[in-house]
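Report on one structure; see the data block that follows.
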Amino acid sequence: MPATGAGDVAGTLYIVATPIGNLEDITLRALRILKEVDLIAAEDTRHTRKLLTHYGITTPLTSYHDHSESTKAPALIETLLAGKNIALVSDAGTPCISDPGYRLVKGAAEADISVVPIPGPSMLTTLMSVGGLPTDRFAFEGFLPAKKGQRQRALRELCHEKRPLIFYESPHRLLSTLADLAHIFGDRRVVVGRELTKQFEELLRGPISTVCSAFHNRPVKGEVALVVEGWDGKDGDAPAQSAAELMRQLLADGVGVKEAARVVSEACHIPKRDAYALGVRIKADSRIDHHG
-13 MPATGAGDVA GTLYIVATPI GNLEDITLRA LRILKEVDLI AAEDTRHTRK
37 LLTHYGITTP LTSYHDHSES TKAPALIETL LAGKNIALVS DAGTPCISDP
87 GYRLVKGAAE ADISVVPIPG PSMLTTLMSV GGLPTDRFAF EGFLPAKKGQ
137 RQRALRELCH EKRPLIFYES PHRLLSTLAD LAHIFGDRRV VVGRELTKQF
187 EELLRGPIST VCSAFHNRPV KGEVALVVEG WDGKDGDAPA QSAAELMRQL
237 LADGVGVKEA ARVVSEACHI PKRDAYALGV RIKADSRIDH HG
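Per my numbering, the sequence shown runs over residues -13 to 278.
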């Protein structure tokens, strides 16, 4: 039977997970919903059309991506309020997980429109299931900043996280990110998944240095995700050293000592007063170096 709306007037917004690579990785329910809705909002209509064509689905498509989200979400809300059912899909995996969709889901919920998840593939869970690192607790950080300084600052704030850390990364930044991880985290275990579920799927496990070496002298292509082992809490001297490095970076970026102390205290698990004293000392030393 056709997909029904939330009530007599409003339609339903379906959040539909689609394959991250292999087109066979889609649920029967997802295929039915994609056939029955009035409209499919897709991150890239050309990409989604290949999936729809493969399964003989002729539902109309409209684009919904990062650059159009702020203007497109209200229009789609109006369509839902008019009684139409809409499926939201991303290029791969589950929508709204480091992909567009937040504004549309938030707007639909605020308008009392039914939002229904259609679960399925996700690069996040796919990599964790085969990574060989603990899965009872983990932290998903999405994409790291593209700029080196901002990326290193983000990693310093995470270096004492005891849960495994999951990142998405673009192929052309993978080597730089691995180098930053080795510098800040030490040579922890890492799992890199590339082109998961596709023809040239690749999984590399081992110390960061080993995995980094494996990618040297060859191009890195395709979608990439990585899991980094959490901090084991044993490097007793590392917190103070890391706190100093993070403090210097924050002060160099123009952050005040008080705010920098708060960040360092939380990131490096040291008392705020100690972090503040560290900031004052580093700032005084930098003035001496500058005048000298």
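From the three backbone atoms N, C-alpha and C, an ideal C-beta is built for every residue, glycine too.
Would you identify the three-state DSSP class for residue i, choosing helix, strand or coil?
i     : result
F201  : helix
V116  : helix
E231  : helix
P103  : strand
V241  : coil
L(-1) : strand
E284  : With the chain represented from -13 up to 278, any question about residue 284 goes unanswered, as that position is not in the structure.
S49   : strand
Exposed or buried, residue i, counting other C-beta atoms within 10 Å across all chains shown (16 or more means buried)?
i    : result
N203 : exposed
A211 : buried
H53  : exposed
A238 : exposed
G117 : buried
G242 : exposed
Is the distance from the Cβ of residue i to the Cβ of residue j below 8 Å?
i    : j     : result
L167 : V214  : yes
L66  : L(-1) : yes
I170 : Q136  : no
P5   : L25   : no
D77  : H40   : no
I281 : V2    : As displayed, the chain neither begins before -13 nor continues past 278, which places residue 281 out of reach and without an answer.
K258 : S251  : yes
E188 : M109  : no
V249 : L264  : no
L232 : V177  : no
I256 : A230  : no
K70  : G(-3) : yes
Have a look at the DSSP bridge pairing and note the partners of residue i.
i    : result
F126 : I152
P157 : The partner list for P157 (beta bridge, DSSP) is empty, contrary to what the question assumes.
Is any heavy atom of the ligand MN found at a distance shorter than 7 Å from the C-beta of residue i?
i   : result
G69 : Although the ligand MN was asked about, the structure shown includes no ligands whatsoever.
Segment contact flag, the segment 87 to 95 with the segment 13 to 21, C-beta cutoff 8 Å, min 3 pairs
no
Would the segment 101 to 108 and the segment 122 to 135 be scored as touching if the rule is three or more Cβ pairs under 8 Å?
no
Any contact of the segment 179 to 197 with the segment 140 to 154, i.e. 3+ C-beta pairs under 8 Å?
no
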